[in-house]
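A quick write-up on the structure given underneath.
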Amino acid sequence: MTCSEPLLSTLRYCMRCNIPETQEGVIFDEMGICQACQSSEQKIHIDWTERYALLQEIVADAKSKSGSGYDCILPVSGGKDSTYQAYVLVEQLGLKPLCVTFNHNWMSQTGWYNLQNLLERFNLDHVMFTPNRKLVNRLAKRSLEMIGDACWHCHSGVPAFVLSMAVKFKIPLIIWGESIAEASGRASYKDPVHHFDRDYFLKVSSKIRPELMICDYLNSRDLYPFDLPSAEELETVGVYGLHLGDYIFWDEERQVEFIREHYGWLETEMEGAFKGYKSAECVMAGVHDFTCYLKRGYARGSFQASVDVRNGLLTRAEGFKLAQKCDTMRPEALDYFLQATGMTEEDFFKIMREQMHPKIKGTQLPVTLPDHPNGERIKPFSQHILDTMAGRKDPREG
Ligand SMILES: [Zn+2]
Numbered sequence: 015m016t017c018s019e020p021l022l023s024t025l026r027y028c029m030r031c032n033i034p035e036t037q038e039g040v041i042f043d044e045m046g047i048c049q050a051c052q053s054s055e056q057k058i059h060i061d062w063t064e065r066y067a068l069l070q071e072i073v074a075d076a077k078s079k080s081g082s083g084y085d086c087i088l089p090v091s092g093g094k095d096s097t098y099q100a101y102v103l104v105e106q107l108g109l110k111p112l113c114v115t116f117n118h119n120w121m122s123q124t125g126w127y128n129l130q131n132l133l134e135r136f137n138l139d140h141v142m143f144t145p146n147r148k149l150v151n152r153l154a155k156r157s158l159e160m161i162g163d164a165c166w167h168c169h170s171g172v173p174a175f176v177l178s179m180a181v182k183f184k185i186p187l188i189i190w191g192e193s194i195a196e197a198s199g200r201a202s203y204k205d206p207v208h209h210f211d212r213d214y215f216l217k218v219s220s221k222i223r224p225e226l227m228i229c230d231y232l233n234s235r236d237l238y239p240f241d242l243p244s245a246e247e248l249e250t251v252g253v254y255g256l257h258l259g260d261y262i263f264w265d266e267e268r269q270v271e272f273i274r275e276h277y278g279w280l281e282t283e284m285e286g287a288f289k290g291y292k293s294a295e296c297v298m299a300g301v302h303d304f305t306c307y308l309k310r311g312y313a314r315g316s317f318q319a320s321v322d323v324r325n326g327l328l329t330r331a332e333g334f335k336l337a338q339k340c341d342t343m344r345p346e347a348l349d350y351f352l353q354a355t356g357m358t359e360e361d362f363f364k365i366m367r368e369q370m371h372p373k374i375k376g377t378q379l380p381v382t383l384p385d386h387p388n389g390e391r392i393k394p395f396s397q398h399i400l401d402t403m404a405g406r407k408d409p410r411e412g
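All the letters of the sequence shown, read from the start, carry residue numbers 15 to 412 under this note's numbering.
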């Protein structure tokens with residue numbers, strides 16, 4: 015049963031969208047409006063031609079300072095932003111980026127296709143780091159206990175590997191995708207974040223330093239790939255980053271349409287979401303979102319609905335209705351998570367109860383079951399290839 019009221023009547027929600035007060039870092043203004051809604055208004059009043067000219071200046075400068083054959087680093091995952099960023103960097107700005115991927119090792123078949131497709135279409139060089147299966151499984155277990163989601167290895171592996179490659183290849187500029195102002199209150203379009211130092215990534219994405227992950231089943235050698243380069247190393251190369259979304263008017267619906275039509279990008283069915291393009295590269299996104307729901311009482315559905323409300327595509331009431339349907343759904347990916355970590359469902363829910371936001375502590379959150387198997391196979395694509403091709407004598411068998 016869904017209705018057009020907020021899921022939890024005890025929580026305060028943004029007056030304009032579907033974001034509750036339990037969102038990390040959210041602050042409502044005197045009108046009761048969240049920062050992301052304020053940012054979406056700022057966005058309309060920004061002179062984007064001026065911003066684009068500024069971007070051209072920045073990249074021209076970076077190009078002249080690069081110590082290798084590459085103009086900048088382009089972190090790519092196989093998600094929609096990767097392909098759109100590649101289009102802007104290569105086709106519009108005429109840059110030669112080095113693509114860098116921290117592979118969380120949960121890549122979906124669609125994500126794998128999208129990643130290979132972008133490398134081939136734009137003819138780009140690529141480096142990738144993949145932590146081993148056992149390590150990923152152990153980190154997922156530890157991550158749930160420590161931060162209440164399964165994705166610490168991705169939150170900290172991405173900045174650690176991307177910054178390390180910037181140092182190794184002596185490439186100062188890293189170009190990320192969507193502006194931080196788009197999704198959270200950590201920055202606004204008026205005041206974009208330009209300096210991405212070690213502390214920034216610790217605060218924003220990984221939250222917990224690698225040494226704190228050490229336990230009876232993880233040692234310091236296991237955690238080596240998650241160490242950020244030192245401040246001196248970063249300074250020697252002069253590493254800095256920017257988000258394209260602070261220089262180009264960001265409209266993800268239009269961008270997805272564009273890359274689908276012109277570059278063959280594919281979306282897929284995503285658990286707990288009503289859009290098929292966000293995190294399409296990861297089979298575990300459902301668990302990530304479900305843990306957010308169990309901790310904070312809202313998840314991907316609320317988030318996507320809020321974006322549509324800001325863009326005038328949904329009313330706030332329609333947003334609540336859709337959000338409820340998506341947010342409460344127990345993902346199929348939870349089965350994979352339990353199998354990979356050796357945890358029981360009871361263990362999982364017990365940890366999540368302990369992780370609950372104080373504002374909803376003790377609340378019995380409704381959980382629903384999906385009414386059909388997910389369209390995208392909920393299994394890392396690499397494991398699927400191994401399982402289906404193993405024992406085959408002749409690869410021409412099909
Ligand atoms: Zn809002």
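Cβ coordinates follow ideal geometry from the N, Cα and C atoms, glycine included.
Predicted, not measured: the structure shown is a model, and the values here were computed from it.
Where do the ends of the alpha helix (DSSP H) carrying Tyr254 lie? Within the sequence shown, residue 254 is the residue found at index 240, counting from 1. That residue, Tyr254, is in no alpha helix (DSSP H); its beta strand (DSSP E) goes 254 to 257.
contact_flag[the segment 126 to 137, the segment 90 to 104] where n(CB pairs < 8 Å) is 3 or more: Verdict: yes, contact present.
Closer than 7 Å to a non-hydrogen atom of ligand 1 - does that hold for the CB of Ser53? As a first step, residue 53 is located in the sequence shown; it is residue number 39 there, counting from the start. Taking 7 Å as the cut-off, the C-beta of Ser53 does not count as close to any heavy atom of ligand 1.
N- and C-terminal bounds of the beta strand (DSSP E) containing Phe116: Against the sequence shown, residue 116 aligns to sequence position 102. Note, Phe116: beta strand (DSSP E), 111 to 116.
The alpha helix (DSSP H) enclosing Trp126, as first and last residue numbers: By 1-based counting over the sequence shown, the position of residue 126 is 112. From DSSP, the alpha helix (DSSP H) with Trp126 extends over 123 to 135.
Quick check: what's the CA-CA separation for Gly405 versus Gly259? On the sequence shown, position 391 is the one that residue 405 refers to. On the sequence shown, position 245 is the one that residue 259 refers to. Rounded to whole angstroms, Gly405 and Gly259 show a C-alpha spacing of 47 Å.
Name, in chain order, the residues that DSSP records as bridge partners for Phe3. This structure does not reach residue 3, given that the chain is present from 15 up to 412, and the question cannot be answered.
Could you give the C-beta distance for Val19 and Phe334, rounded to a whole number, given that I count them as a contact under 8 Å? If you number the sequence shown from 1, residue 19 lands on position 5. If you number the sequence shown from 1, residue 334 lands on position 320. Going by the sequence as given, residue 19 is Glu instead of Val. Between Phe334 and Glu19 the Cβ distance is about 6 Å, and since that is below 8 Å, they are a contact.
Going straight from the alpha carbon of Val381 to that of Arg152, what length do you get? Locating residue 381 in the sequence shown gives position 367, where the first residue counts as 1. Locating residue 152 in the sequence shown gives position 138, where the first residue counts as 1. Roughly 26 Å between the two C-alpha positions.
Please classify Arg268 as buried or exposed, where buried requires at least 16 other C-beta atoms within 10 Å of its C-beta. Residue mapping note: residue 268 aligns to position 254 of the sequence shown, counting from 1. If you draw a 10 Å sphere on the C-beta of Arg268, you find fewer than 16 other C-beta atoms in it, and that means exposed.
Short of 6 Å in beta carbon distance, which residues of its chain neighbour Ala195, apart from the five on each side in sequence? Order them along the chain. Counted from its first residue, the sequence shown places residue 195 at position 181. Excluding residues within five positions, the ones whose Cβ falls inside 6 Å are Ser53, Ala201, Ser202, Tyr203.
Alpha helix (DSSP H) segment containing His59, residue limits: Residue numbering aside, residue 59 sits at position 45 when the sequence shown is read from its first letter. Element bounds for His59: 49 to 59.
Taking all protein chains shown into account, do 16 or more other C-beta atoms lie within 10 angstroms of the C-beta of His386, making it buried, or fewer, making it exposed? On the sequence shown, residue 386 is found 372 positions in, with the first residue counted as 1. His386 is exposed by the Cβ-count criterion.
What are the partner residues of Leu383, as DSSP defines its beta bridges? Counted from its first residue, the sequence shown places residue 383 at position 369. Looking at the DSSP output, Leu383 sits in no beta bridge, so it has no partner there.
Flag Ser320 as yes when its Cβ comes closer than 7 Å to any non-hydrogen atom of ligand 1, and as no otherwise. Locating residue 320 in the sequence shown gives position 306, where the first residue counts as 1. For ligand 1, at least one heavy atom lies less than 7 Å from the Cβ of Ser320.
Check the DSSP bridge columns for His302 and list the partner residues they point to. The residue labelled residue 302 in the question sits at position 288 within the sequence shown. Secondary-structure assignment with DSSP links His302 through no beta bridge to anything.
Identity of the residue in Val297, His169, Gly191 nearest Gln123 by Cα: Residue mapping note: residue 123 aligns to position 109 of the sequence shown, counting from 1. Ranking Val297, His169, Gly191 by Cα distance to Gln123 puts Val297 first.
Pull up the DSSP beta-bridge partners for Val141, would you. Within the sequence shown, numbered from 1, the residue matching residue 141 stands at position 127. Beta-bridge pairing links Val141 to Val114.
With 8 Å set as the bound, which would you pick, yes or no: does the beta-carbon of Leu187 sit closer than that to a beta-carbon of chain C? Of the chains in the structure shown, none is chain C; there is only one protein chain.
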